[in-house]
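Going by this note's numbering, the residue at position 170 of the sequence shown is 172; the numbering climbs one at a time, nothing skipped.
Idealized CB from N, CA, C, for every residue including glycine.
Just so we're clear, the structure is a prediction, and the values are computed from it rather than from any experiment.
Have a look at the structure below before the remarks.
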Amino acid sequence: MQSYAAGQSITLLEKTIGQAFDETVAKHAHKEAVVSRHQGLRLTYADLGAGVAETAAGLWGLGVRPGDRVGMWASNCIEWIYLQVATAKIGAVLVNVNPAYRANDLAYILERSGMKAIFLYEQDARAHYGEVLAAARKGRALPLEHAVLLGTDQWRAMIAAGVRPPDESAGVHDVVNIQYTSGTTGKPKGVLLTHHNLVNNAYLVGRGLKWTDADKLCLPVPLYHCFGCVMGSLQAIVYGAALVLPSAQFDPLAALQAVDEERCTTIYGVPTMFIAELDHPDYAQYETSSLRTGIMAGAPCPVELMKRVVDEMHCTEMTIAYGQTEASPVITQSSTDDPLEVRVATVGAAMPCTEVKVAGPSGGVVDAGVQGELLTRGYLVMKGYDNDAAGTAAAVDAAGWLRTGDLAVMREDGNFRITGRAKEMIIRGGENIYPREIEEFLHEHPKVADVYVLGVPDERLGERVLAWVKLRDGESLAENELKDFCRGQIAHFKIPEFIRFVDEFPMTVTGKAQKFVMRQREIELRGLEYAQRIQTA
Ligand code: AMP
């Protein structure tokens, strides 16, 4: 048996995000649409429809036109959803910007995406975004024309000066969203996603959860990531279900309170979020029996954790999803009624209308049970990377297969196991980190001669970032000085938590650094054998 699977063939939706939204507003006008608990807001679909219409008019009045890029740089809030739908309705392209980005990261995205407008809150507990934006703009000629502060007179003025946009003319295969993720070059790549990609992925994932308009989703994951804005907000819109935002940024207690008080049926998270919720000292005070289903995704799910979510959270129909931004994102998902063994040991089977194969080093499909790289093909594959034909050609072959860079094994029963990463990405608490990007940044330090960044196993976060640094001859540098160099320039989760200064690196004869040797040495020196075992169990 070969490692090839094609999911069930069903009729895909041929709707834009705007059309899917209008249908739901018409059908479920008086049903609850979004509860943004930290903002004290409860909106019906009619309310959401009004908010979206106002936002679309505001954007049009600002001069945003079809094809223009509009950045959203905020943690979870109602305005995120207004902008997500409003940009789609006027034919503009939403650019998701990670709230953890700092000046250096942000400047890169502003430049690459060519965004015309960006929306942000001036500040929150984590950062003063207004100042970070000013630092990113300083000395750079950027195409950015408008920076609109949410929740201020600037936002209200934009709404007040709104001009009704013409009727929607976007096509289902037009690009509607750019989500940044990192490729092998180390710098974030803009993944171009169409209405068709996103509406259908949201539709099929909801179908996998047996969703109806009676479902209510507790969404502690960020909207800037596809987990939040495709499987979360867009999926709720496609199904006319209710979306509950417990907090701006992940807060385990707020998530538990939301499930209890809102009687949510569905909960999402990366594994570390479920661990934080289940281990919260007040966990027992909250009622979670309304939960039926949910999704754990983004990183390997430890077996024990899945068992606890099913038993202790009462989430009997919990599923695992696997995918990546370039695939809209979900490629495989376990079923709500799969035996627990399938749900803990695998990431499920190919989604409907989705082909999956596992290929060996020469590109040929391997036999079931043999490890190789996972590739996928179908409606879900991105349109490409923004302004990067070479990167796109390297990721998607002429026959339409997307190389995920993940190592996998297909079992005889058609379920897949993810066994590693062909690329070197580090996943720290659900955040993807690309060593090359940090290496390039650290190389900018005048005292650094060479540097390699790798992930070391961690019991709580899965992995932590570590750097091996070789200084220029005669130079000295303290660990903290190097960390200070990173602060405010790169996102906090990218800053190496551990730094080892070395005189040389383990190398192959062809001059390639052997990161696996560095990693093994760190595991021994730091006594991380146990963490390593639970990560690979
Ligand atoms: P992103 O593009 O941010 O969605 O990250 C995608 C990457 O996360 C994939 O290429 C995998 O390496 C990893 N990933 C996502 N879901 C899972 C999962 N269920 N199990 C293991 N790894 C996962």
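Can you pull the DSSP bridge partners for Asn98?
Met74 and Gln181
Backbone CA spacing between Gly210 and Gly350 [nearest angstrom]
11 Å
State the DSSP-derived secondary structure class of Phe557, mapped to helix, strand or coil.
Because the chain spans 3 through 539 in this model, residue 557 falls outside it and cannot be assessed.
Cβ pair Gly407, Met427 closer than 9 Å:
yes
Between the alpha carbons of Glu442 and Asp452, how many angstroms are there, rounded?
10 Å
Host beta strand (DSSP E) of Gln335 (start-end):
Val332 to Gln335
Tell me whether Tyr103, by its Cβ, gets closer than 8 Å to a heavy atom of the ligand AMP.
no
Taking contact to mean 3 or more Cβ pairs, one atom from each stretch, closer than 8 Å, check whether the region 135 to 142 and the region 100 to 119 are in contact.
yes
What span of residues does the beta strand (DSSP E) with Tyr454 cover, start to end?
Val450 to Asp460
Beta-carbon contacts of Val72 that lie in its chain and below 8 Å, excluding the five residues immediately before and after:
Leu61, Val66, Leu85, Thr89, Ala94, Val95, Leu96, Val97, Met117, Lys118, Ala119, Ile120 and Phe121
With a threshold of 8 Å (Cβ to nearest heavy atom), would Gln125 be considered close to the ligand AMP?
no
Of the residues Glu314, Ala301 and Pro304, which one's Cα is nearest the Cα of Ser292?
Glu314
Would you call Ala400 buried or exposed, if buried means 16 or more other Cβ atoms sit within 10 Å of its Cβ?
exposed
What does DSSP give as the partner residue(s) for Leu468 in the beta ladder?
Leu456 and Phe500
Where Glu133 and Pro354 are concerned, what is the direct C-alpha to C-alpha distance, given to the nearest angstrom?
45 Å
Using the DSSP secondary-structure output, state which residues sit across from Tyr270 in a beta bridge.
Ile297
Tyr387 Cβ short of 8 Å to the ligand AMP heavy atom set:
no
Helix, strand or coil for Cys355 per DSSP?
coil
My assumption, with CB atoms under 8 Å, is that Val201 sits in contact with Ala22. Please give the rounded CB distance.
5 Å
Exposed or buried, which one is Pro448 when buried takes at least 16 other CB atoms within 10 Å?
exposed
Buried versus exposed call for Leu527 [16 or more other C-beta atoms within 10 Å across all chains shown]
exposed
Of the residues Val504, Gln326, Met3 and Tyr6, which one's Cα is nearest the Cα of Cys228?
Gln326
Using a Cβ-Cβ cut-off of 6 Å (strictly less than) and excluding sequence neighbours within five positions of Arg294, which residues of its own chain qualify?
Thr267 and Glu319
Three-state secondary structure (DSSP) of Gln125:
strand
Hey, out of Tyr324, Val467, Asn100 and Val450, whose CA is closest to Gly422's CA?
Tyr324
Other residues of its chain near Gly53: CB distance less than 6 Å, five sequence neighbours each side excluded
Tyr84
What did DSSP end up calling Gln534 once you bin it into helix, strand or coil?
helix
Taking its Cβ as the centre, do 16 or more other Cβ atoms sit within 10 Å of Tyr103, making it buried, or is it exposed?
buried
May I have the straight-line CA-CA distance separating Glu461 from Gly234, to the nearest angstrom?
28 Å
Ala493 CB to nearest heavy atom of the ligand AMP below 8 Å
no
With DSSP as the reference, label Pro190 as helix, strand or coil.
strand
Taking the C-alpha atoms as reference points, what is the distance between His40 and Val246?
10 Å
Reduced DSSP secondary structure (H/G/I, E/B, other) of Asp369
strand
Could you check whether Gln156 and Ala204 sit closer than 9 Å to each other, using their CB atoms as the reference points?
no
Grouping DSSP H, G and I as helix and E and B as strand, with all else coil, what is Gln21?
helix
Just to confirm the assignment, what range does the beta strand (DSSP E) spanning Glu34 have?
Glu34 to Ser38
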